[in-house]
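When you line the sequence shown up against the numbering used here, it's residues 7 to 353, in that order. We put the beta carbon where it would ideally sit given N, CA and C, even for glycine. Read the structure below first, then the notes.
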Amino acid sequence: MKSNLSIKDLVRPNILALKPYSSAREDFTGSVADSYAFLDANENPYGEYNRYPDPYQNNVKERISQIKNIPVENIFLSNGSDEVIDLAYRIFCEPLKDKAIVFTPTYAMYEHYANIHQTPVVPIALDKDFNLPKDALETILQEKDAKLVFICSPNNPTANLLSTSDITKLVENFNGMVILDQAYIDFADQNHWVSKIDKYPNLILLQTLSKAWGGANLRVGMAFGSKEVLSYFNKVKSPYNISGVAQNEALKLLGDVQGFEKTTQQIKQQNKVISQALQELDFVVKVYPSDANFILVVFKDAKQVYKYLISKGIVVRDRSFVVPNALRISVGSLKQNERLIQELKKY
Ligand SMILES: *Cc1c(COP(=O)(O)O)cnc(C)c1O
């Protein structure tokens, strides 16, 4: 981003002008312990779930701050990372005018939310190995109304990490926000982006408890960004965007770093086992390298293999309309993976 440009220049005027909503929990700044009764939020005095949760999820943020080595003020939590995608459009894109850029094939939600917000999307094809194309920056700079660039690394459904220097070039030169979606980053050996939040005010990292942390049901996503950028996300989000139940359960998950590391290692190792086994099948055309917990595989006839696996009780994802003859296979448990390989060998 040009040094004479500020985040304020990128935010929609109505969002800049928006007065933050102040919930009952925020209005009261006194001591909770010294208060006799909270009669300020129209809550029910009875029951287990009667109180509104912490709107800023500070306990969860403090835990994430320790684990990720990132200050609390650079963390925003969301109702799944999809909420961050939705908010990004609301904050930065004037409907029917400002554009978003995506690198295809990629996660469909970027375009889905763009359609909801009437934001035109400019798709740029990844190259044949699913890396950013050489002329990505030039193409983006031609799009004068582009406000958001989504980069997914490791990318879904192709499973590969994108090159750090390619991404850096875009972050440094694009005069808009770059959202780097790292939903699968715990499966890849790469954690340097978190330390670059301070350096790049236009960079937002997206992570989640849904994949390596095994918390998809909780709907807890994380965005890491500058304090200034996150202030707009806090202003626009629903006040109580993560339930107290989810916050408590998230704290439990985040308390078990050892368990997290163990399952992550196992999934990474199993990824190699499945990839190797797939490569040995004569009806497999190509197994793409994977830095995630899933594998993109090209078959001679993907639809047939898909139907066959369903008949054996194994459900994979048909991605043949984005990558011809490709299925996306998630790494399962040891037993599930064994069964998958066994059934494929009998095909
Ligand atoms: C699974 C996934 C997410 C996570 O979404 P949540 O809303 O946090 O569950 C984000 N981005 C990509 C690319 C994904 O595949």
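Fill in: For T269, the first and last residue of its enclosing beta strand (DSSP E)
If you number the sequence shown from 1, residue 269 lands on position 263. No beta strand (DSSP E) contains T269, which is instead part of the alpha helix (DSSP H) from V263 to Q285.
Discussion item. For a test of your reading of the model: does the CB of V329 fall under 8 Å from any non-hydrogen atom of ligand 1? Yes or no.
Written reply: Indexing the sequence shown from 1 puts residue 329 at position 323. No - ligand 1 has no heavy atom lying nearer than 8 Å to the Cβ of V329.
Discussion item. Measuring straight from C-alpha to C-alpha, what distance separates I146 and G53?
Written reply: Your numbering for residue 146 matches position 140 in the sequence shown. Your numbering for residue 53 matches position 47 in the sequence shown. Their backbone Cα atoms lie some 54 Å apart in a straight line.
Discussion item. Just to check my reading of the structure: V226 and V184 have Cβ atoms closer than 8 Å, yes? What is that Cβ distance to the nearest angstrom?
Written reply: For the purposes of this step, residue 226 is taken as the residue at position 220 of the sequence shown. For the purposes of this step, residue 184 is taken as the residue at position 178 of the sequence shown. About 23 Å; that fails the 8 Å criterion.
Worksheet item: Whose CA, out of K351, S296, N10 and D15, lies closest to the CA of P160?
Response: Position 154 of the sequence shown, counting from 1, holds the residue named residue 160. The candidate whose alpha carbon is nearest that of P160 is S296.
Discussion item. Distance check for L287 and L11, CA to CA, integer angstroms please.
Written reply: Your numbering for residue 11 matches position 5 in the sequence shown. Your numbering for residue 287 matches position 281 in the sequence shown. Distance between the alpha carbons of L11 and L287: 54 Å.
Worksheet item: Given a threshold of 16 other Cβ atoms within 10 Å of its Cβ, counted over all protein chains shown, does N408 qualify as buried or as exposed?
Response: Any answer about residue 408 is impossible in this case: the structure gives the chain only from 7 up to 353.
Item to complete: With F98 as the anchor, note down where its alpha helix (DSSP H) starts and where it stops.
Response: In the sequence shown, counting from the first residue as 1, residue 98 sits at position 92. Residues S87 to F98.
Worksheet item: Within the chosen definition, does the region 33-43 reach the region 117-128 through at least 3 CB pairs nearer than 8 Å?
Response: With a cut-off of 8 Å, the region 117-128 and the region 33-43 do not count as touching, because too few Cβ pairs lie within range.
Worksheet item: Just how far apart, CA to CA, sit S171 and D135?
Response: As a first step, residue 171 is located in the sequence shown; it is residue number 165 there, counting from the start. As a first step, residue 135 is located in the sequence shown; it is residue number 129 there, counting from the start. Approximately 16 Å between the Cα atoms of the pair.
Worksheet item: For ligand 1, is there a heavy atom less than 8 Å away from the beta-carbon of G231?
Response: Residue 231 sits at position 225 when you count from the first residue of the sequence shown. Incorrect: G231 has no Cβ contact closer than 8 Å to ligand 1.
Worksheet entry | Contacts around V90, its chain only, beta-carbon distance under 8 Å, and the 5 residues preceding and following it disregarded | Translated into the one-based positions of the sequence shown, residue 90 becomes position 84. So the list reads F82, S84, I185, I210, L212, G227, A229 and F239, once near-sequence residues are dropped.
Discussion item. Quick check: the Cα distance between V322 and V337, rounded to an integer number of angstroms?
Written reply: Residue 322 sits at position 316 when you count from the first residue of the sequence shown. Residue 337 sits at position 331 when you count from the first residue of the sequence shown. One C-alpha to the other measures close to 10 Å.
Worksheet item: Rounded to a whole number of angstroms, what is the C-alpha to C-alpha distance between N56 and E255?
Response: Here the question's residue 56 lines up with position 50 in the sequence shown. Here the question's residue 255 lines up with position 249 in the sequence shown. Cα to Cα, the separation comes out at about 17 Å.
Discussion item. With DSSP as the reference, identify every bridge partner of R334, one or two as the case may be.
Written reply: Mapped onto the sequence shown, residue 334 falls at position 328. Partner(s): L302 and R323.
Item to complete: Run the proximity test for S244: is its beta-carbon closer than 8 Å to any non-hydrogen atom belonging to ligand 1?
Response: Sequence index remark: in the sequence shown, residue 244 carries index 238 (1-based). Outside the cutoff, so no.
Item to complete: Could you spell out the range, first to last residue, of the beta strand (DSSP E) harbouring M228?
Response: For the purposes of this step, residue 228 is identified with residue 222 of the sequence shown, where counting begins at 1. It spans V226 to F230 - the beta strand (DSSP E) in which M228 sits, taken as one unbroken run.
Worksheet entry | Cross-strand partners of M7 (DSSP beta bridge) | Within the sequence shown, numbered from 1, the residue matching residue 7 stands at position 1. Looking at the DSSP assignment, M7 forms no beta bridge with any residue, so it has no partner.
Worksheet item: Quick one: does the C-beta of R225 sit closer than 8 Å to a heavy atom of ligand 1?
Response: Residue 225 sits at position 219 when you count from the first residue of the sequence shown. Yes, since a heavy atom of ligand 1 falls inside the 8 Å radius drawn around the Cβ of R225.
Discussion item. Assuming F239 is part of the alpha helix (DSSP H), what are its boundary residues?
Written reply: Position 233 of the sequence shown, counted from the start, is the residue given in the question as residue 239. For F239, the uninterrupted alpha helix (DSSP H) run begins and ends at K233 to V242, by DSSP.
Discussion item. Under 8 Å: do the region 239-251 and the region 263-277 share three or more Cβ pairs, one atom per stretch?
Written reply: The region 239-251 is not in contact with the region 263-277.
Worksheet item: Do T125 and L102 have their C-beta atoms closer together than 9 Å?
Response: Counting from one through the sequence shown, the residue named residue 125 turns up at place 119. Counting from one through the sequence shown, the residue named residue 102 turns up at place 96. Contact annotation: T125 and L102 have beta-carbon atoms nearer than 9 Å.
Worksheet item: Should L215 be labelled buried (16 or more other beta-carbon atoms within 10 Å of its own) or exposed?
Response: Stepping through the sequence shown from its first residue, residue 215 is reached at position 209. The residue is buried, with at least 16 neighbouring Cβ atoms inside 10 Å.
Worksheet item: By Cβ distance below 7 Å, which residues in the same chain neighbour K175 in space, the five residues on each side in sequence not counted?
Response: As a working note, residue 175 is residue 169 in the sequence shown. So the qualifying residues of the chain are L143.
Worksheet entry | Burial state of G86 (16 or more Cβ within 10 Å) | Along the sequence shown, read from residue 1 onward, the residue named residue 86 stands at position 80. Buried is the call here.
Worksheet item: Under the criterion of a Cβ to heavy atom distance below 8 Å, does K217 qualify as lining ligand 1?
Response: For this step, residue 217 is matched to residue 211 along the sequence shown. Taking the Cβ of K217 as the reference point, at least one heavy atom of ligand 1 falls within a distance shorter than 8 Å.
Worksheet item: Helix or strand or just coil, what does DSSP make of S317?
Response: On the sequence shown, residue 317 is found 311 positions in, with the first residue counted as 1. Reduced to three states, the DSSP call for S317 is helix.
Worksheet item: With respect to the beta strand (DSSP E) encompassing T112, which residues constitute its N-terminal and C-terminal limits?
Response: Working through the sequence shown from its first residue, we reach residue 112 at position 106. Boundaries for T112: no beta strand (DSSP E) harbours it, and the DSSP string shows neither H nor E there.
Worksheet entry | Under 9 Å between C-beta atoms of G261 and P59 | Taking the first residue of the sequence shown as position 1, residue 261 is located at position 255. Taking the first residue of the sequence shown as position 1, residue 59 is located at position 53. In this structure, G261 lies away from P59, with their beta-carbon atoms at least 9 Å apart.
Worksheet item: Got a sec: is the Cβ-Cβ distance from H123 to anything in chain B below 9 Å?
Response: Judged by its chain identifiers, the structure shown contains no chain B, having just a single protein chain.
Worksheet item: Within 10 angstroms of its Cβ, does F327 collect 16 or more other Cβ (buried), or is it exposed?
Response: Position 321 of the sequence shown, counting from 1, holds the residue named residue 327. F327 should be labelled exposed.
Discussion item. My output table needs one value for P19: the three-state DSSP class, helix, strand or coil.
Written reply: Within the sequence shown, the letter at position 13 stands for residue 19. It is helical.
Worksheet item: Just the Cα atoms here: how many angstroms apart are Y116 and K351?
Response: Translated into positions along the sequence shown, residue 116 becomes position 110. Translated into positions along the sequence shown, residue 351 becomes position 345. Their Cα atoms are separated by approximately 37 Å.
Discussion item. To the nearest angstrom, how far is the alpha carbon of L346 from that of F305?
Written reply: If you number the sequence shown from 1, residue 346 lands on position 340. If you number the sequence shown from 1, residue 305 lands on position 299. Straight across, the Cα-Cα distance linking L346 with F305 is about 15 Å.
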